[in-house]
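And the structure:
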């Protein structure tokens, strides 16, 4: 596009929204609010209370506890938004806010988990109640509110359903409502609810339970068959049937001497179809909630590669959930900063793992040292290991590193009481493994090695000079099988073994 075409484009056209719902031919413009497009809720004509039953399922609850432990297993901290004094004051104020309880009777893990409810129900809303503390305006309570109390307008703005406005809701002001949404879009501002994907597996599973219980009642117990001779009156037949029914309950029955009772066990091969249905539904719900099934539903033998793949997917999903919570907390911190310290950069909220160093970072750092120089501060930060202080270094109060020894007492050169020679005792003594390797090398006589090599190599060199390389290669293939190289092979094997071990030891320090 040249400058002439650019001038033809009007600025109002560029700055105005065109593809809105007011111009959408598939949208009924008479609506004052946008209904939740969740396919399950629309077909059932119900609100999100249908998800309460899904959350109470034993399998789903176990998955929720797994997600909760993965989320709350991380520590959290605030990072300053900048280096100015105003940024430092904002960080200090936000840290004081986070040191208090989010609401009476609640802890921050409770509030963080209630924000995670957005992943399972599409969205979560928290009301912030402010109060004046000295000269600052800070949150006094952060309370989670049920999703049924909120709708979105046709402009995708959150609205509160009240008694005065029970259908389209009331418009909400700023600095009051924290909104957390999962996979929200323009067509679906309510977010995607994972419980919606669990509805049909949950329904079929509990229907399968009903038939599975009937199956167990019918075929789990042996059939008691009573035999009576021909001509037995109907009254006695009924008495035998009643005795058999009582026998199933009490395992005691009385029969005439002429009668007989036989117990027949029901036999079936493989897993009952009802049980397969239940297991299938559990796996489908696991995939929806955690994106993996191997940790909870192991069917047969699982490979290590498959378990690592499932674990990596679960870790990625957990990181995505933590990012949603961090975004919501960052919005709260930005409100606190804007209302109290205008112009300052708000701090940021982040999760980190402090309980133990992450094993993958150990592998990354070990491999990265082969190509680039890694700063020590970066390694200490990633491994969550503090750097030693000067006092700790001076006292020697440190664990020795890999392949190192703790420094011993410093002595000047003196006569060794064992060998009578002068040694520098400040230098650390060689490692026992290296002493063993040096002894192995000393056991190889260089003269003997030369003596074994010359009779093999010299004739070959002379033969090459006489007939040329091509003829020599053909002749060497014929003569090689008759050469006695056992002693030479033994010596070369010893040299190669010592070189390999020496290289591995020295490779650790490179």
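In UniProt numbering, the protein residues as written are 1 to 510.
For each residue, glycine too, the CB sits at the ideal point set by N, CA and C.
With at least 16 other beta carbons inside 10 angstroms of its own, residue 114 counts as buried. Boundaries around residue 109 are those of the alpha helix (DSSP H), 108-121, since no beta strand (DSSP E) includes it. Between residue 178 and residue 331, the C-beta gap is smaller than 8 Å, which places the two residues in contact. Excluding the 5 residues flanking it on each side, residue 192 has same chain C-beta neighbours closer than 7 Å at 122, 182 and 183, in chain order. When the alpha-carbon of residue 104 is set against those of 43, 212, 143 and 236, the nearest one is in 143. Each residue's CA atom was taken as its position, placing residue 43 and residue 187 some 18 Å apart.
Between residue 159 and residue 173, the C-beta gap is not smaller than 8 Å, which leaves the two residues out of contact. In the structure shown, residue 139 adopts extended strand secondary structure according to DSSP, grouped into three states. Going by beta carbons, residue 317 and residue 334 fall outside the 8 Å limit. Sequence-distant Cβ neighbours of residue 91 in its own chain, meaning closer than 7 Å and more than five residues away, are 78, 80 and 347. In the DSSP assignment, residue 42 falls within the unbroken alpha helix (DSSP H) covering 39-44.
Straight through space, the alpha carbons of residue 163 and residue 190 are spaced by roughly 22 Å.
Residue 282 places its beta carbon 8 Å or farther from that of residue 367. When DSSP reads this structure, residue 348 sits in a beta bridge with 79. Remark: C-beta atoms of residue 152 and residue 51 do not approach each other more closely than 8 Å. For residue 152, the enclosing beta strand (DSSP E) stretches over residues 150-152.
Under the three-state reduction of DSSP output, residue 103 falls in the strand class. Residue 180 is bridged by DSSP to 124. Take the alpha-carbon of residue 166 and the one of residue 32: they are about 12 Å apart. Non-local C-beta neighbours of residue 386 in its own chain, meaning closer than 7 Å and more than five positions away in sequence, comprise 380, ordered along the chain.
Residue 159: member of the beta strand (DSSP E) spanning 158-160, first to last residue.
Under DSSP, residue 171 takes part in a beta bridge, and its partners are 159. Under the three-state reduction of DSSP, residue 231 is assigned to coil, being neither helix nor strand. When the beta-carbon positions are compared, residue 38 and residue 202 stay at least 8 Å from each other. One alpha carbon belongs to residue 25, the other to residue 149, and they sit about 29 Å apart.
In terms of Cβ geometry, residue 208 and residue 274 form a close pair [threshold 8 Å]. Exclusion of the five residues before and after residue 361 leaves 382 and 383 as the residues of its chain whose Cβ lies within less than 7 Å of its Cβ.
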